[in-house]
Amino acid sequence: MMESRRGAPARIGQVAVHTLKETVRDRVFLVSLLFAVLLIASSVVVSPLAAGEQDRVIKNMGLASISAIGLFLAIFVGASLVHREVERRTIYTLLSRPVSRGEYVIGKYVGIVLTLALNVGSMALLFSALVYFYLDSLSVAHIAAIYLIGVELAVVASASILFSVLSSPVLGALFTLALYFIGHLAGDIGTFAEMIPSRPAALLCKGVSTILPHLTLFDVKGMAVYGKSVEPGLLLSATLYAIGYIAPLLFLAVILFRRKDLQ
Amino acid sequence: MIRYDAVQKAFRSDFLRRRRDVLTDLSLEVRRGETYALLGANGAGKTTAMKILLDLIRADDGVVTICGIPASRPRSRARLAFLPEHPYFFPHLTGRELVRYYGRLSGVGPGQVEERGGKLMRRLGLAKAESRRVRTYSKGMLQRLGFAQALVADPDLLVLDEPLSGLDPVGRKEIRELLLELKEKGMTIFLSSHILEDVERLCDRAGFLVGGRIRREVEEGGVRWLEVNAEGIDPETLRQGDQLAGKIVREGEKIRIALSPTDDLPKVTESVRAGGGRILSIRERRESLEDLFVVNVTAHEGEEGVS
Amino acid sequence: MKRRGSTELAFSILLAVAFVVPTNLYLAKEVEKRRISTSLEEELAFYPSGRYLRPVAGGFRHLLADMLWLRAIQYYGEHRKTDLVFDKAGHVFEVLTDLDPHFVEAFRFGALVLVEDADEPEWGIELLRKGIRENPDRWELYFDLGFHYFRLRQYEYAASYFHRAARFPEVDSRVARFAAAAEERRGDLETARALWEEVLQTTNNSNFQEAARFALKTIDAAEDTARIGAVAREFRKRHGRYPIDPSELAARGYIAGVPTDPFGWEYLIHPKSGEVQSSYLLSRQVNREMRVLQKVVDNFRRLAGRLPMTLEETVREGLLESVPSSFGARYEIERGSGRVVVRFDHPRLAGKAIFSDRRGGEDL
Chain D
1 MMESRRGAPA
11 RIGQVAVHTL
21 KETVRDRVFL
31 VSLLFAVLLI
41 ASSVVVSPLA
51 AGEQDRVIKN
61 MGLASISAIG
71 LFLAIFVGAS
81 LVHREVERRT
91 IYTLLSRPVS
101 RGEYVIGKYV
111 GIVLTLALNV
121 GSMALLFSAL
131 VYFYLDSLSV
141 AHIAAIYLIG
151 VELAVVASAS
161 ILFSVLSSPV
171 LGALFTLALY
181 FIGHLAGDIG
191 TFAEMIPSRP
201 AALLCKGVST
211 ILPHLTLFDV
221 KGMAVYGKSV
231 EPGLLLSATL
241 YAIGYIAPLL
251 FLAVILFRRK
261 DLQ
Chain H
1001 MIRYDAVQKA
1011 FRSDFLRRRR
1021 DVLTDLSLEV
1031 RRGETYALLG
1041 ANGAGKTTAM
1051 KILLDLIRAD
1061 DGVVTICGIP
1071 ASRPRSRARL
1081 AFLPEHPYFF
1091 PHLTGRELVR
1101 YYGRLSGVGP
1111 GQVEERGGKL
1121 MRRLGLAKAE
1131 SRRVRTYSKG
1141 MLQRLGFAQA
1151 LVADPDLLVL
1161 DEPLSGLDPV
1171 GRKEIRELLL
1181 ELKEKGMTIF
1191 LSSHILEDVE
1201 RLCDRAGFLV
1211 GGRIRREVEE
1221 GGVRWLEVNA
1231 EGIDPETLRQ
1241 GDQLAGKIVR
1251 EGEKIRIALS
1261 PTDDLPKVTE
1271 SVRAGGGRIL
1281 SIRERRESLE
1291 DLFVVNVTAH
1301 EGEEGVS
Chain E
2001 MKRRGSTELA
2011 FSILLAVAFV
2021 VPTNLYLAKE
2031 VEKRRISTSL
2041 EEELAFYPSG
2051 RYLRPVAGGF
2061 RHLLADMLWL
2071 RAIQYYGEHR
2081 KTDLVFDKAG
2091 HVFEVLTDLD
2101 PHFVEAFRFG
2111 ALVLVEDADE
2121 PEWGIELLRK
2131 GIRENPDRWE
2141 LYFDLGFHYF
2151 RLRQYEYAAS
2161 YFHRAARFPE
2171 VDSRVARFAA
2181 AAEERRGDLE
2191 TARALWEEVL
2201 QTTNNSNFQE
2211 AARFALKTID
2221 AAEDTARIGA
2231 VAREFRKRHG
2241 RYPIDPSELA
2251 ARGYIAGVPT
2261 DPFGWEYLIH
2271 PKSGEVQSSY
2281 LLSRQVNREM
2291 RVLQKVVDNF
2301 RRLAGRLPMT
2311 LEETVREGLL
2321 ESVPSSFGAR
2331 YEIERGSGRV
2341 VVRFDHPRLA
2351 GKAIFSDRRG
2361 GEDL
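Protein chains in written order, with the numbering used here: chain D, 1 to 263; chain H, 1001 to 1307; chain E, 2001 to 2364.
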């Protein structure tokens, strides 16, 4: 009938679009969007208390909300994505099609990235409208900051897909959350390594710091708030960095999923 | 079309680290166009065997092929559709969307999938519910939806795990008719079932999965065999001819030999006489699938080939 | 179909890890280059007063103090390389020492940063006093206090603290000599050098050491400028003018060889005043002054709604004490943009306009 290799992108696309539909219709998505609106709105309410720093507070809170809500989605939805389907046996009929396990996992990942894009994108629109009309100070740096938040979430999502293949949604979510925090401390671990007197401990820290993703690299919220200009080279190199992590994580997820017996 | 070759699978129960052999030496063949039923007790490994066919589970040893393509390759499933026991589908999609998704995933073009999907939904009585979320479907509707998603890709091979379980008699009748219809059109069907009367009505062949392998295969129409009663001969002497191994039972002074239609009757009677025995009687016997089921499946422990 | 072996899995994991390592080593640096991390400031602003933080942190306060210490070091390092502005330093060290009052190094380093780099000598002194209250048995704190008072030329306090430090049995006799120097109000370079060398001895903190070494270099520069200045005056007596630069002095045999300052840069001689300066130190100073002036101008603009005409206007309005003029520098406000620029009447520096958001020490 059809050549299996050629059809791969199409099948991945189908899994992805279906995942997007499933997730968007899930209550979680709607709730998170609602929360986002609430948070961003509250920043406007709270800011007059900030004694002249209204600008900063709204921008800070807005960007932080986008990051937090997106993170919530990336972790909790991602971690349960594969596992839920295996649990519910919906996956049986799915994988009995001429879809390979790899196509399935990648399709799921693309699906959740699309969901995140939709989510972050809506919040970004709201935020930008707010900053533009109310504060009259929208800049490229804001968009860049939101873009990088999205990229960071794509990295987190790849980890949550990996964990969702490995274990239950709860554990997977916990692991991903832990990875998120450790990723933000990765830089400190590296600095720490330079300060420890003991050689083997320093080497260990250096090694760990070289393996962990340095998620702080995606944080340019400060640049946006302080109005510093963002050069395109930053966005490019950060995107490449993200790919440098997403690719191996997905690779592992596919390998692990291929070995799995679906009872 | 389907071929299992010496397939083995064992599961490790993590708690006790005990190894449970589910399939020990499964070999069977399903030919194109035939309807084959896999029969066995609960937990005998029927579902496991099917899952190995679909690459949902990996066998420890042995080879499974579909039309010659190893089951581990997604391409082997290009003309195949599967309906598991207690099917469950994505709750948030509508019936229509679900059928469309599965169809597209199997490579059916967008126009075709709409047309075929619509026809199938109507045929299966789901037309009214097609825009409702799958979440709202009843069990019977889910079963029928299962058939819709299976058939939308116009498969050559249907793999069904207990397709008639959990349905009321009306539902069963409908599905049976559907299956017969498909059979008429040349569909190859590989199914597992408990409900023997349906199996008898639908299937060309059936295999008993006992002790991890096919202990006995049965042709349509139940089992017919020739029973040869003889006396005055030692079963051992007869067993030299190895076709008869497992088919001889001693009953006091007499022995009873059960021959399948393919066995060579003249040769056997010859051997008996040559060994100094006397043929008492030759009778044609028939046994229902049910009897066979009970005998084979429940009494397989430590018994010598009685059929 | 056989199950895939665990060797395949191990190999895959190794492959994945191997892919990740160069990403971190190379790409991470690319991103860092283009990114300005202001998150430190944000973070620090969010730390409330240490007093409230301490009970909340509970059993983790030492850990929190350590993390804050890391942050503080980072902060110091970053700003030393860039704008030399340390206005968050005091806050950090206060919180830090509230969380862990026995973190002696934090008191010492905090005070150093406050006095030397952040221009907050009173705060630095207060911090050390707090340190002494919490840790009366640590001689280093008394010594440090004496040291800072000495550099601030408050010799009575310096002497008394040096004496108290000297009373500790484990302390070197050198400290007693510092006490004597303080009593004699000897604010000479030699004593200063000896003090810094003592500081260098007493600490393992690399930042501390770096600060000490930097200070020693400034002392070297001071000695050099004094020497060159004397020779320049000689020159003037002979030739009726100051030399253009030290190389002229060398060419005419007044000094042997052209001196470079301890930082590898050249020395400048002012044609009118005969003042000698290390160009490196001058650029640092000018950049710092420009930053201060820029803040003043921005403040003025915010309050008055327009740019000040001249810097003298800000002095009149009380926003600035006096307009600096190191080495004859003239600070002006650029029309339109409101940026502070500097011009020199020194022939070597003339015509070069320096903008205030450049990184320290790279332009002259």
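Built from N, CA and C at the ideal position, the CB exists for glycine as well.
Quick caveat, the model's predicted, so the values are computed rather than measured.
- Where residue 80(D) is concerned, the enclosing alpha helix (DSSP H) starts and stops at 78–87.
- DSSP places residue 2173(E) outside any beta strand (DSSP E), giving it a letter other than H or E.
- Distance from the CA atom of residue 2070(E) to the CA atom of residue 2182(E), rounded to whole angstroms, is 35 Å.
- Interface flag for residue 1088(H) against chain D is set, since a Cβ pair is found closer than 8 Å.
- For chain D, the residues of the region 1056–1075 of chain H that bring a beta carbon within less than 9 Å of one of its beta carbons are 1056, 1057, 1058, 1073, 1074 and 1075, in chain order.
- Taking the beta carbon of residue 1077(H) as reference, the chain D residues within 7 Å of it are 96, 97 and 98, listed in sequence order.
- No Cβ-Cβ contact shorter than 8 Å links residue 1214(H) with residue 1072(H).
- Put simply, the backbone Cα of residue 2238(E) is about 15 Å away from that of residue 2255(E).
- Residue nearest to residue 211(D) within the set 2010(E), 2021(E) and 2291(E) is 2021(E) (criterion: CA-CA distance).
- Less than 8 Å divides the Cβ of residue 1209(H) from the Cβ of residue 1038(H).
- The C-alpha of residue 1186(H) lies about 47 Å from the C-alpha of residue 2013(E).
- Around the beta carbon of residue 2309(E), fewer than 16 other beta carbons lie within 10 angstroms, which makes this residue exposed.
- Using beta-carbon distances, residue 2219(E) does not count as an interface residue toward chain D, since no partner is under 8 Å.
- Contact between residue 1153(H) and residue 1106(H) holds: their C-beta atoms lie close to 4 Å from each other, under 8 Å.
- Taking the C-beta atoms as reference points, residue 2270(E) is found nearer than 8 Å to residue 2327(E).
- The contact set of residue 18(D) on chain H, defined by CB atoms closer than 7 Å, consists of 1101 in chain order.
- The C-alpha of residue 1128(H) is placed about 16 Å away from the C-alpha of residue 1115(H).
- Residue pairing for residue 2278(E): DSSP places it in a beta bridge opposite 2267(E).
- By DSSP's assignment, residue 1225(H) forms a beta bridge with 1285(H).
- For residue 1070(H), the three-state secondary structure derived from DSSP is strand.
- Taking 8 Å as the threshold, the shortest C-beta distance from residue 1147(H) to chain D does not fall below it.
- When C-beta distances to chain H are compared with 7 Å, the residues of the region 60–94 of chain D below that value are 88, 89, 90, 92 and 93, in chain order.
- Contact of residue 2030(E) with chain D is assigned, a C-beta pair being separated by under 8 Å.
- The DSSP assignment places 199–211 and 221–225 as complete runs of the alpha helix (DSSP H) inside the region 196–238 of chain D, in order along the chain (cut-off: 4 residues).
- Against chain D, the beta carbon of residue 1194(H) has no neighbour under 7 Å; the closest one sits roughly 19 Å away.
- The residue from 2063(E), 2062(E), 2061(E) and 2093(E) with its alpha-carbon nearest to that of residue 2073(E) is 2093(E).
- Rounded to the nearest angstrom, the gap between the Cα atoms of residue 96(D) and residue 237(D) is 40 Å.
- Chain D places a beta carbon closer than 8 Å to that of residue 2034(E), counting this residue as a contact.
- Rounded to whole angstroms, the separation of the alpha carbons of residue 36(D) and residue 1086(H) is 39 Å.
- By the neighbour-count definition (other C-beta atoms within 10 Å, threshold 16), residue 1031(H) is an exposed residue.
- A Cβ-Cβ distance of about 7 Å is found for the pair residue 15(D) and residue 103(D), placing them in contact under the 8 Å criterion.
- Across the structure, residue 1195(H) and residue 1099(H) are spaced so that their CA atoms are roughly 28 Å apart.
- Chain D has no Cβ within less than 8 Å of the Cβ of residue 1138(H).
- The DSSP-derived three-state label of residue 1057(H) is coil.
- In this structure, residue 1277(H) sits near residue 1230(H), with a CB-CB distance shorter than 8 Å.
- The C-beta distance from residue 262(D) to residue 1057(H) rounds to 6 Å, short enough to meet the 8 Å contact threshold.
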